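Q: Position 94 (the sequence shown) corresponds to 94 in the UniProt record's numbering; numbering is contiguous. Cβ atoms here follow ideal geometry from the backbone N, Cα and C, with glycine treated the same way. Remember, it's a predicted structure, so these values are computed and weren't measured experimentally.
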Amino acid sequence: MFEGKYGTYWISDGILFVDYKPDLIVTLKVAKRIARDRMEFQQDKEYPIFSNLDGIIGSHSEARHYLVHEGSLLIKALALYSTSPIAIRLTEFYLRTLTHKIPTQLFQYKNNALRFLEPYTQ
1 MFEGKYGTYW ISDGILFVDY KPDLIVTLKV AKRIARDRME FQQDKEYPIF
51 SNLDGIIGSH SEARHYLVHE GSLLIKALAL YSTSPIAIRL TEFYLRTLTH
101 KIPTQLFQYK NNALRFLEPY TQ
């Protein structure tokens, strides 16, 4: 397990899990730090990622663009999980407005997100 400035990272059953800190607004600076922390933790190995967005309360446009492009390195597939109405609305907008290079979906149920990632654990 790794505790970064903006989130906690760990690997279980071939999936990298990320939980973001509460009340997080993702600016470009924050997005770059999140991507750097994640990639350092991964040690150049690709993983499917389960990203718990419940702590995120806002994001800036340039941060979203960065995460879709440079910030998606070493990601096989991305399951975005949230039960927070704010995070869900932000993520739905993010998914509609940006083209993703990797398989990416939003889930409100953890089991569905894990099923989505399972084929990418091989």
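Thinking C-beta only, is I102 closer than 8 Å to A63?
A: The residue given as residue 63 occupies position 63 in the sequence shown. The residue given as residue 102 occupies position 102 in the sequence shown. Contact flag unset, no.
Q: Residues in the same chain with beta-carbon distance under 7 Å from Y81, minus the five sequence neighbours each way, listed in chain order, please.
A: Position 81 of the sequence shown, counted from the start, is the residue given in the question as residue 81. Once the five neighbours on either side are set aside, the close Cβ partners of Y81 are F50, S51, N52, L53, F107, K110 and A113.
Q: Exposed or buried, which one is D37 when buried takes at least 16 other CB atoms within 10 Å?
A: Residue numbering aside, residue 37 sits at position 37 when the sequence shown is read from its first letter. Flag for D37 reads buried.
Q: If I follow the unbroken beta strand (DSSP E) through P48, where does it start and stop?
A: Position 48 of the sequence shown, counted from the first residue, corresponds to residue 48. Run containing P48: Y47 to N52, per the beta strand (DSSP E) assignment.
Q: Looking at the structure shown, is S84 part of a helix, part of a strand, or coil, going by DSSP?
A: Residue 84 sits at position 84 when you count from the first residue of the sequence shown. The answer is coil: DSSP assigns S84 none of H, G, I, E or B.
Q: Which residues in the same chain as D23 place their Cβ atom closer than 6 Å to its Cβ, once the five residues preceding and following it in sequence are excluded?
A: Position 23 of the sequence shown holds residue 23. Cβ neighbours of D23 beyond the five flanking positions: I57.
Q: What did DSSP end up calling residue 202 once you bin it into helix, strand or coil?
A: One cannot answer for residue 202 here, as it falls past the ends of the chain, which runs 1 to 122.
Q: So is I25 buried or exposed if we call it buried at 16+ other beta carbons inside 10 Å?
A: Sequence index remark: in the sequence shown, residue 25 carries index 25 (1-based). Burial call: exposed.
Q: Tell me whether Q105 sits in a helix, a strand or coil according to DSSP, three-state version.
A: Here residue 105 refers to the residue found at position 105 of the sequence shown. The answer is strand: DSSP assigns Q105 an E or B state.
Q: Identify the continuous alpha helix (DSSP H) that holds L117 and give its terminal residues.
A: Position 117 of the sequence shown, counted from the first residue, corresponds to residue 117. Here the alpha helix (DSSP H) through L117 covers K110 to L117.
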